[in-house]
Amino acid sequence: MTKLNFLFDWRPYQAKVLQNFSAHIQDDHFHIVAPPGSGKTILGIEIIKRIGKKTLILAPSLTIRNQWEGRLQNFFTTDCNFTQVSFDIKQPSEITFSTYQGLHSFYKSFETKEDYYNFFKKHQIEVLLLDEAHHLKNAWWKCLFDLKEQHMQTVIALTATPPYDSENTEVQKYFKLCGEIDDEIVVPDLVKEHNLCPHQDLVFLSKPEDHEINFITDFRLKIAQFVTDILKDEEFISFLKQHRFYAKTEENLEELYKYSDFFSSMLIFLHETGERIPFEKLHVLGFDKNEEIEFPSITNEWIQILFQHLLVTNRDNLIEYEAYLNTLEKKLRKLAVFSKNKVNLVGNELLYKSLSNSPSKLKSITTIVQQEQQNLQDDLRCVILSDYIRKEYLNCSLPEIKKIKKLGVIPIFHHVRTTTQNKNSLAVLTGSLVIIHSSNIAKLGLIDTIENYNYTPLKSDTEFVILSSKNSSKHSIVEVITQLFELGHIKVLVGTKSLLGEGWDAPSINSLILASVVGSFVTSNQMRGRAIRVDSKNPDKVGLIWHLACIDTSDELGGRDFEILARRFNAFLGISNNEKAVITSGIGRLQLPSNFIDEDIQQQNKKTLELSKNRNLIAQRWKNAISHGKGISKELTFFNEKNKQYPKQKKLYYQDIVKYTVGEIIIGLSFFLPEFIIKNFNVLLQKGIVYFLFVLSSALGLTFGYKIYKSAQLYLYFGLIHKKTDKIAAAILNSLEELNHLTTPLNEIQIQTQLLIKGNVSCTIHGANRYESTLFIKALDELLQPIDNPKYLLIKTSWFRRKLKLDNFFPVPEIFGVRKKECQIFQSHWNKHLGKSKLVYTRTMDGRKLLLKARLFHIHNINNELTKKNVVWK
Numbered sequence: 001m002t003k004l005n006f007l008f009d010w011r012p013y014q015a016k017v018l019q020n021f022s023a024h025i026q027d028d029h030f031h032i033v034a035p036p037g038s039g040k041t042i043l044g045i046e047i048i049k050r051i052g053k054k055t056l057i058l059a060p061s062l063t064i065r066n067q068w069e070g071r072l073q074n075f076f077t078t079d080c081n082f083t084q085v086s087f088d089i090k091q092p093s094e095i096t097f098s099t100y101q102g103l104h105s106f107y108k109s110f111e112t113k114e115d116y117y118n119f120f121k122k123h124q125i126e127v128l129l130l131d132e133a134h135h136l137k138n139a140w141w142k143c144l145f146d147l148k149e150q151h152m153q154t155v156i157a158l159t160a161t162p163p164y165d166s167e168n169t170e171v172q173k174y175f176k177l178c179g180e181i182d183d184e185i186v187v188p189d190l191v192k193e194h195n196l197c198p199h200q201d202l203v204f205l206s207k208p209e210d211h212e213i214n215f216i217t218d219f220r221l222k223i224a225q226f227v228t229d230i231l232k233d234e235e236f237i238s239f240l241k242q243h244r245f246y247a248k249t250e251e252n253l254e255e256l257y258k259y260s261d262f263f264s265s266m267l268i269f270l271h272e273t274g275e276r277i278p279f280e281k282l283h284v285l286g287f288d289k290n291e292e293i294e295f296p297s298i299t300n301e302w303i304q305i306l307f308q309h310l311l312v313t314n315r316d317n318l319i320e321y322e323a324y325l326n327t328l329e330k331k332l333r334k335l336a337v338f339s340k341n342k343v344n345l346v347g348n349e350l351l352y353k354s355l356s357n358s359p360s361k362l363k364s365i366t367t368i369v370q371q372e373q374q375n376l377q378d379d380l381r382c383v384i385l386s387d388y389i390r391k392e393y394l395n396c397s398l399p400e401i402k403k404i405k406k407l408g409v410i411p412i413f414h415h416v417r418t419t420t421q422n423k424n425s426l427a428v429l430t431g432s433l434v435i436i437h438s439s440n441i442a443k444l445g446l447i448d449t450i451e452n453y454n455y456t457p458l459k460s461d462t463e464f465v466i467l468s469s470k471n472s473s474k475h476s477i478v479e480v481i482t483q484l485f486e487l488g489h490i491k492v493l494v495g496t497k498s499l500l501g502e503g504w505d506a507p508s509i510n511s512l513i514l515a516s517v518v519g520s521f522v523t524s525n526q527m528r529g530r531a532i533r534v535d536s537k538n539p540d541k542v543g544l545i546w547h548l549a550c551i552d553t554s555d556e557l558g559g560r561d562f563e564i565l566a567r568r569f570n571a572f573l574g575i576s577n578n579e580k581a582v583i584t585s586g587i588g589r590l591q592l593p594s595n596f597i598d599e600d601i602q603q604q605n606k607k608t609l610e611l612s613k614n615r616n617l618i619a620q621r622w623k624n625a626i627s628h629g630k631g632i633s634k635e636l637t638f639f640n641e642k643n644k645q646y647p648k649q650k651k652l653y654y655q656d657i658v659k660y661t662v663g664e665i666i667i668g669l670s671f672f673l674p675e676f677i678i679k680n681f682n683v684l685l686q687k688g689i690v691y692f693l694f695v696l697s698s699a700l701g702l703t704f705g706y707k708i709y710k711s712a713q714l715y716l717y718f719g720l721i722h723k724k725t726d727k728i729a730a731a732i733l734n735s736l737e738e739l740n741h742l743t744t745p746l747n748e749i750q751i752q753t754q755l756l757i758k759g760n761v762s763c764t765i766h767g768a769n770r771y772e773s774t775l776f777i778k779a780l781d782e783l784l785q786p787i788d789n790p791k792y793l794l795i796k797t798s799w800f801r802r803k804l805k806l807d808n809f810f811p812v813p814e815i816f817g818v819r820k821k822e823c824q825i826f827q828s829h830w831n832k833h834l835g836k837s838k839l840v841y842t843r844t845m846d847g848r849k850l851l852l853k854a855r856l857f858h859i860h861n862i863n864n865e866l867t868k869k870n871v872v873w874k
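Rendered as structure tokens:
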């Protein structure tokens with residue numbers, strides 16, 4: 001490996017990573033996050049060269065595996081002749097390239113695990129380099145993790161997107177294999193150094209077609225009717241009242257606390273039917289007899305929890321009611337809300353399947369292509385990525401094309417073909433089907449010998465031909481089509497995300513349309529990476545990434561398709577659309593509507609198309625935003641959506657208190673006082689001024705007391721939100737420091753809490769490293785989210801707080817809740833910043849009771865806002 005030497009100069013951000021490498025590798029792990037285009041492959045080769053031991057490099061696909069060897073030869077050797085490499089894991093060399101699937105097949109070829117481990121010991125392979133290890137299936141992960149545990153000394157992990165949106169167990173497995181993140185290269189640094197081009201994400205919206213709207217409407221009406229009927233169903237109400245949790249509550253406490261959501265849903269349902277809930281049922285939840293209890297209204301989500309438990313979770317304990325449960329199950333199956341042992345009255349997945357593949361998106365794509373053709377003309381290099389080919393539509397006639405109801409490569413090809421003015425620059429590239437315009441056959445001859453290919457005219461449009469290779473060419477068909485695209489003979493290329501979404505390199509792409517329904521931000525970010533690479537032939541390139549969403553117009557939040565699209569945006573940093581541009585993650589930066597029921601989607605799309613016309617403005621926004629920041633920090637936003645903006649709101653509550661208090665005095669002086677003096681002059685003489693004032697204040701209190709109480713309650717709440725968040729943040733940071741989770745000195749870390757519009761609060765820390773920032777934001781998020789199932793609770797209570805119904809319950813964040821000792825350290829810092837509290841262990845019977853009360857309380861508590869985590873360049 002000593003023969004390998006990087007032939008060029010390191011980019012500043014790469015040099016910084018390498019400078020810190022020796023410190024990070026002390027624990028035999030080096031985990032780096034680097035976006036597409038940052039040169040992480042080259043960094044990986046330099047790192048294994050510096051380690052100087054035999055290495056196994058694993059990639060998620062053969063294409064990416066081959067790229068590793070190509071980068072090694074082209075960037076680290078002068079003659080591309082480094083021979084100490086192998087693609088055969090059975091015959092390893094100094095550097096062996098393989099795939100995760102290849103390793104798993106190799107693992108299965110051994111009779112015992114010991115033989116498998118001994119093979120690597122025998123060949124002295126001591127370093128594992130993992131490229132995008134989040135692609136692993138369970139079986140692949142196991143043979144890899146076992147190898148690491150039994151033999152490997154060093155693990156290098158490189159990724160563009162850690163799988164933060166996966167299930168918690170998957171995330172834990174990923175970090176268990178790769179180690180904590182040691183370093184990160186961020187997009188603003190790459191744009192600043194001209195290693196990525198300025199770019200913007202644009203969302204183009206569509207409304208469902210008539211048949212889809214009818215489907216959604218019918219579904220919602222049927223569910224609404226079912227809910228109405230079940231609330232009046234005396235047989236079902238009687239069945240619930242006979243359930244052991246309700247009929248014999250005290251005898252089933254342990255199980256009841258285990259299924260607290262179900263018990264809550266039962267009480268909420270029965271309360272909605274008009275049943276009076278006996279106090280002994282509420283006492284189990286920790287409520288006192290004189291405590292005011294506000295039941296939340298019944299929702300589809302609560303009924304879903306109720307039926308999930310009855311029909312699935314605890315069905316085995318209801319054998320005597322099996323015939324009745326079968327009747328209920330049939331009703332739900334008829335409504336298409338019970339499948340694979342899952343009740344879904346909200347209909348998210350069912351409606352999502354309809355909207356995500358909506359044919360309305362085909363019209364969106366043609367509109368975008370036409371706009372981009374106007375915007376860029378001959379400079380356009382547009383790629384459209386979809387999940388499926390849909391070959392069954394290959395030879396559709398024009399009337400049949402208009403009836404296509406599915407999204408895919410061929411439906412997109414047909415729609416663009418029949419609406420564009422530039423058919424000759426359109427092509428299809430997938431693993432099994434390639435289509436080009438016949439005018440490009442001659443141009444193909446400039447790249448490769450025409451005789452190496454077969455050409456079959458397309459039946460639906462003979463101007464196009466299906467292209468296939470005779471296997472005698474030195475060039476792959478993907479390579480040839482890519483070159484035609486780079487040269488501009490092909491300007492609009494439709495393909496599958498499996499072929500073009502990862503590993504495929506065409507720097508000229510300046511417009512990418514994501515017609516994929518995959519919500520994982522790992523895949524989304526990989527696909528985005530195709531459009532944001534710099535193009536040496538076009539130094540002023542600005543890339544646009546178009547995202548499609550079909551809006552459920554009956555849902556003010558836009559529906560499931562938009563929700564999954566929004567989830568993609570949590571994965572990557574981008575520029576905001578407002579005047580004072582900032583670089584941040586999340587879909588909020590695009591300033592899309594917050595309520596889709598009242599929004600004119602067509603008008604919103606016009607704004608989006610207008611934005612696409614001014615690529616120079618996008619580049620300028622990047623330049624301005626980068627100059628106003630130094631690095632990224634994680635930020636938590638605490639939402640407080642109200643009708644009025646926060647400053648006006650707080651001022652209004654303050655004025656209310658003053659108004660009613662002063663009003664009481666004025667009215668007392670002008671009306672009550674003279675009348676009292678006249679009518680009660682004898683009382684005043686006999687019992688004195690003190691008694692008189694008592695009677696007066698009582699009368700005024702009856703008149704204005706409630707308004708003063710409500711104004712004080714709201715003012716205290718809104719007045720404390722900002723400061724309370726800051727104090728909670730201080731308690732978390734002090735606890736992290738005392739428990740040795742911080743390596744950065746505490747005096748170098750600053751908490752920044754800001755009031756935003758509508759009373760929202762953002763909180764971040766400056767000066768901490770990425771790992772410390774992640775721990776801090778995670779703990780703060782857990783504290784501000786509705787209570788789930790924490791091991792410990794903090795209860796902050798007093799007579800005054802109970803009367804004003806301010807927050808009483810706070811979950812102890814997981815990082816402090818492992819052992820009681822850590823909890824007590826956190827509690828001491830909490831008490832210092834926020835006042836006295838009581839620590840409760842929720843795994844006892846009494847603790848379960850309080851936890852259940854806390855969860856029910858949080859459902860209708862005034863502090864029922866949500867949080868959102870963002871990454872911000874500041």
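Under full-length UniProt numbering, the first residue of the sequence shown carries the number 1, and numbering increases by one thereafter. Ideal Cβ placement from N, Cα and C applies to all residues, glycine included.
Backbone secondary structure at Asn454 - three-state DSSP: For the purposes of this step, residue 454 is identified with residue 454 of the sequence shown, where counting begins at 1. In the structure shown, Asn454 falls within a strand segment according to DSSP collapsed to helix, strand and coil.
Identify every residue that forms a DSSP beta bridge with Ser386. Taking the sequence shown and counting its residues from 1, one reaches residue 386 at position 386. Thr496, Ala515.
Can you tell me whether DSSP reads Tyr660 as helix, strand or coil? To locate residue 660, count along the sequence shown from 1; it is residue 660. The predicted model places Tyr660 with a pLDDT of 44, which falls under 50 and marks its position as unreliable; any figure quoted below should be read in that light. Helix at Tyr660.
Just how far apart, CA to CA, sit Pro208 and Leu755? Here the question's residue 208 lines up with position 208 in the sequence shown. Here the question's residue 755 lines up with position 755 in the sequence shown. Near 38 Å, if we compare the C-alpha coordinates of Leu755 and Pro208.
Classify Ile597 as buried or exposed, calling it buried when 16 or more other Cβ atoms lie within 10 Å of its own Cβ. The residue labelled residue 597 in the question sits at position 597 within the sequence shown. Here Ile597 is exposed, its C-beta having fewer than 16 other C-beta atoms within 10 Å.
Contact set for Ser837: own chain, Cβ-Cβ below 7 Å, skip 5 residues either direction: By 1-based counting over the sequence shown, the position of residue 837 is 837. Hits under 7 Å: Leu794, Ile795, Lys796, Gln827, Trp830, Asn831.
What is the rounded straight-line gap between the Cα of Asp28 and the Cα of Asp88? Residue 28 sits at position 28 when you count from the first residue of the sequence shown. Residue 88 sits at position 88 when you count from the first residue of the sequence shown. About 26 Å.
Cβ pair count under 8 Å reaching 3, the region 557-573 against the region 614-629: No: the two stretches stay apart, fewer than three of their Cβ pairs being nearer than 8 Å.
Inter-stretch contact at 8 Å, needing at least 3 Cβ pairs: the region 144-152 / the region 107-127: Short answer: they touch.
Answer yes if the region 323-337 comes into contact with the region 298-310, meaning at least three C-beta pairs across the two stretches below 8 Å, and no otherwise. Flag = yes, the region 298-310 and the region 323-337 touch.
Roughly how many whole angstroms lie between the Cα atoms of Lys710 and Glu254? On the sequence shown, position 710 is the one that residue 710 refers to. On the sequence shown, position 254 is the one that residue 254 refers to. Note that Lys710 scores 49 on pLDDT, short of 50, meaning its location in the model is unreliable; the coordinates nonetheless yield the value given after this. Distance between the alpha carbons of Lys710 and Glu254: 39 Å.
Which of helix, strand or coil does DSSP assign to Val33? Working through the sequence shown from its first residue, we reach residue 33 at position 33. Val33 falls in the strand class under three-state DSSP.
The beta strand (DSSP E) enclosing Val465, as first and last residue numbers: As a first step, residue 465 must be located in the sequence shown, where it is residue number 465. Annotation for Val465: the continuous beta strand (DSSP E) segment containing it runs 461-469.
What is the rounded straight-line gap between the Cα of Leu43 and the Cα of Leu18? Here residue 43 corresponds to residue number 43 of the sequence shown, with the count starting at 1. Here residue 18 corresponds to residue number 18 of the sequence shown, with the count starting at 1. Those two C-alpha atoms are separated by around 8 Å.
Restricting to Cα atoms, I'd like to know which of Ala571, Pro790, Trp873 is closest to Lys258. Position 258 of the sequence shown, counted from the first residue, corresponds to residue 258. Of Ala571, Pro790, Trp873, the residue nearest in Cα terms is Pro790.
Express the C-alpha separation of Leu158 and residue 910 in angstroms, rounding to a whole number. Residue 910 lies beyond the residue range present for the chain, which begins at 1 and ends at 874; the question has no answer from this structure.
Going by beta-carbon coordinates alone, are Ala571 and Asn624 separated by less than 8 Å? If you number the sequence shown from 1, residue 571 lands on position 571. If you number the sequence shown from 1, residue 624 lands on position 624. In this structure, Asn624 does not lie closer than 8 Å to Ala571 by Cβ.
According to DSSP, simplified to helix, strand and coil, what is Lys838? Here residue 838 refers to the residue found at position 838 when the sequence shown is read from its first residue. Strand at Lys838.
Keeping to the same chain, check which residues put their C-beta closer than 7 Å to that of Thr2; ignore five residues upstream and five downstream. Looking up residue 2 in the sequence shown gives position 2. The answer is none, since no qualifying residue turns up.
Can you tell me which of Ser633, Asp781, Glu772 puts its alpha carbon nearest to the alpha carbon of Thr764? Here residue 764 refers to the residue found at position 764 when the sequence shown is read from its first residue. When Ser633, Asp781, Glu772 are compared, the shortest CA-CA separation from Thr764 is found for Ser633.
Express the C-alpha separation of Tyr792 and Lys724 in angstroms, rounding to a whole number. For the purposes of this step, residue 724 is identified with residue 724 of the sequence shown, where counting begins at 1. For the purposes of this step, residue 792 is identified with residue 792 of the sequence shown, where counting begins at 1. Roughly 20 Å separates the two Cα atoms.
Between Phe106, Gly495, Val346, Asp379, which has its C-alpha nearest Glu301's C-alpha? Looking up residue 301 in the sequence shown gives position 301. Relative to the Cα of Glu301, the nearest Cα in the group Phe106, Gly495, Val346, Asp379 belongs to Val346.
From the DSSP output, read off the bridge partner residues of Ala779. Translated into positions along the sequence shown, residue 779 becomes position 779. Partner residues in a beta bridge of Ala779, as assigned by DSSP, do not exist.
Are the beta-carbon atoms of Asp9 and Ile64 separated by less than 8 Å? Working through the sequence shown from its first residue, we reach residue 9 at position 9. Working through the sequence shown from its first residue, we reach residue 64 at position 64. Taking 8 Å as the Cβ cut-off, Asp9 and Ile64 do not qualify as a contacting pair.
Is Arg50 helix, strand or coil when you go by DSSP? Position 50 of the sequence shown holds residue 50. The answer is helix: DSSP assigns Arg50 an H, G or I state.
Could you compute how far the alpha carbon of Ile481 sits from the alpha carbon of Lys491? On the sequence shown, residue 481 is found 481 positions in, with the first residue counted as 1. On the sequence shown, residue 491 is found 491 positions in, with the first residue counted as 1. Distance between the alpha carbons of Ile481 and Lys491: 11 Å.
Output the distance between the C-alpha atoms of Pro411 and Gly495, rounded to the nearest integer angstrom. For the purposes of this step, residue 411 is taken as the residue at position 411 of the sequence shown. For the purposes of this step, residue 495 is taken as the residue at position 495 of the sequence shown. Taking the Cα positions, Pro411 is about 11 Å away from Gly495.
With distance defined between alpha-carbon atoms, name the residue in Ile751, Ser554, Leu444, Ile57 nearest to Leu636. Numbered from 1 along the sequence shown, position 636 holds the residue referred to as residue 636. By alpha-carbon distance to Leu636, the top candidate from Ile751, Ser554, Leu444, Ile57 is Ile751.
Across the region 55-73 and the region 552-559, are there enough close Cβ pairs to call them in contact, namely three or more that are closer than 8 Å? Not touching, per the Cβ criterion.
Classify Asn538 as helix, strand or coil using the three-state DSSP reduction. Within the sequence shown, numbered from 1, the residue matching residue 538 stands at position 538. Of the three classes helix, strand and coil, the one that applies to Asn538 here is strand, per DSSP.
Looking at the unbroken beta strand (DSSP E) that takes in Ser762, where does it start and where does it end? Locating residue 762 in the sequence shown gives position 762, counting from the first residue. Ser762 -> beta strand (DSSP E) spans 761-766.
For Leu609 and Lys423, what's the separation of their Cα atoms in angstroms? The residue you call residue 609 lines up with position 609 of the sequence shown. The residue you call residue 423 lines up with position 423 of the sequence shown. Answer to the nearest angstrom: the Cα atoms are 22 Å apart.
Return the first residue and the last residue of the alpha helix (DSSP H) that Leu62 is part of. Mapped onto the sequence shown, residue 62 falls at position 62. From DSSP, the alpha helix (DSSP H) with Leu62 extends over 62-76.
Report the start-end ranges of each alpha helix (DSSP H) in the region 226-299 that is 4 residues or longer and not cut off at the edges. 234-242, 244-247, 253-258, 260-272, 279-283, all fully within the region 226-299.
What separation, rounded to the nearest whole angstrom, lies between the Cα atoms of Lys176 and Val155? Here residue 176 refers to the residue found at position 176 of the sequence shown. Here residue 155 refers to the residue found at position 155 of the sequence shown. The alpha-carbon of Lys176 is positioned some 11 Å away from that of Val155.
Give me, in chain order, the residues of the same chain whose beta-carbon lies closer than 8 Å to that of Leu202; leave out the 5 immediate sequence neighbours on both sides. Reading the sequence shown from its first residue, position 202 is the one you call residue 202. Around Leu202: Leu544, Ile545, Trp546, His547, Leu590, Thr608, Leu611, Ser612.
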